[in-house]
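Here the sequence shown stands for residues 1 to 315, numbered as in the UniProt record's numbering. We treat Cβ as the ideally placed atom computed from N, Cα and C, and that holds for glycine. What follows is a set of notes on a single structure, which appears directly below.
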Amino acid sequence: MSTVIIYDFLRAVVRVSAPLCYAGLGELLVEKTGMLNISIEGTLWLSSLAAFIINYYYGNPYYGVFVGMFVGMLYYLLFGLFSIYIGLNQVLIGVALNLFAYGSTFYIYRFVFEWRERTTIPSVKTLMDDLRIPFLSDAPFLGGVLFNQPITVYGLYILIPLAYYLLNKTMYGLYITSIGENPEASDRLGISVFKYRLLCLCLGGLLVGLGGSIFTTYLSNIYLDQMIAGRGFIVIALLILGSWTPLKTIGAILLYSFIEAFQYRFQALFASLMTFIPYQFVLMLPYLTTIIALTVIGRKIKPPAWLGKHYTRIK
């Protein structure tokens, strides 16, 4: 029985980590170029709602995912418009876009679904069906954990090594890194700073939008106002813990997901203890762990030198 519990728990860790991994890799691309986009939180809100609405009316979760990705890209490009071309403070832009996303999602959901009295909560079809990979899923223990998952998880098995190769083994990765460290020097060497930043915003927005879409097409079949619950900010914190590198960032996300899955299982397996322990204490464990980890090792981590700073192109 204990083996079955551990097996199901590890599968849950992989499932929970999927949207954060997509969002983390998307934000990583953006921050490597020196742009601090804290509107990732609002982007997750908007993309999750967009995916839910499209899925609800068309009955196809894939349509919802594609629209959610497109919304994520547009919102990241909106951030780029204000930060790159207008030159506004990146943190203030992120705060403003987050506030807009909070308010607009609250209004849009009620406008679309609650314009008349409802007796049930709107729900949609999800991508929860497992896709078993022959032979690989038959490997002892971890085979079933890694290769008996929904299709959204398998995309990460391609994306993670691809992101590592792009940033560490190609000239484009060197350009992206150099822009984040010293955009002026990169500009003098003929590297188009604005072009690469816009390209990374497009790709990053698509991935963050995909992460947001997964919340309402994979992890849940309903939309709730508080379902993102600060996970965009958690992704930024996990990027710091991962030293802005793909593999370490994924490792930090898996650690967070491990604790998040644990707190869900803890409440289910030890329901009797929950009469003595406030459930809010258990719910805060993933966030508390992230804060402690940042406090202990965050000061030793060096961010991209130009992160959060505006760059004016050399004339």
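- Contact between the region 199-208 and the region 65-75 is present: three or more C-beta pairs spanning the two stretches fall below 8 Å.
- In the DSSP assignment, residue 149 forms a beta bridge with 131.
- One alpha carbon belongs to residue 264, the other to residue 308, and they sit about 35 Å apart.
- Judged by DSSP secondary structure, residue 16 falls within the alpha helix (DSSP H) whose first and last residues are 2-32.
- Excluding five sequence positions before and after residue 237, the CB atoms of its chain that fall closer than 7 Å to its own CB belong to 290, 294, given in chain order.
- Around the beta-carbon of residue 280, fewer than 16 other beta-carbon atoms lie within 10 Å, marking it exposed.
- Judged by DSSP secondary structure, residue 178 falls within the alpha helix (DSSP H) whose first and last residues are 171-181.
- Ranked by how close their Cα comes to the Cα of residue 64, the residues 83, 221, 161 have 221 in first place.
- Contact annotation: residue 218 and residue 52 have beta-carbon atoms that are not nearer than 7 Å.
- In this structure, residue 235 and residue 14 do not form a Cβ contact; the two beta carbons are roughly 17 Å apart against a cut-off of 8 Å.
- Take the alpha-carbon of residue 233 and the one of residue 40: they are about 7 Å apart.
- Taking all protein chains in view, the Cβ of residue 161 is surrounded by fewer than 16 other Cβ atoms within 10 Å, so the residue is classified as exposed.
- Annotated as distal: residue 22 and residue 230, with beta-carbon spacing of 7 Å or more.
- In this structure, the alpha-carbon of residue 302 lies about 14 Å from that of residue 182.
- In the DSSP assignment, residue 228 falls outside any alpha helix (DSSP H) and carries neither an H nor an E.
- By the Cβ-count criterion, residue 94 is buried, with 16 or more other Cβ atoms from all chains shown falling within 10 Å of its own Cβ.
- A Cβ-Cβ distance of about 49 Å is found for the pair residue 3 and residue 197, leaving them out of contact under the 8 Å criterion.
- Annotated three-state conformation of residue 71 is helix, per DSSP.
- DSSP places residue 41 in the helix class (H, G or I) of the three-state scheme.
- By the Cβ rule, the region 54-61 counts as touching the region 122-129, because three or more pairs are nearer than 8 Å.
- Ranked by Cα distance from residue 250, the first of 260, 167, 25 is 25.
- In the structure shown, residue 311 falls within a coil segment according to DSSP collapsed to helix, strand and coil.
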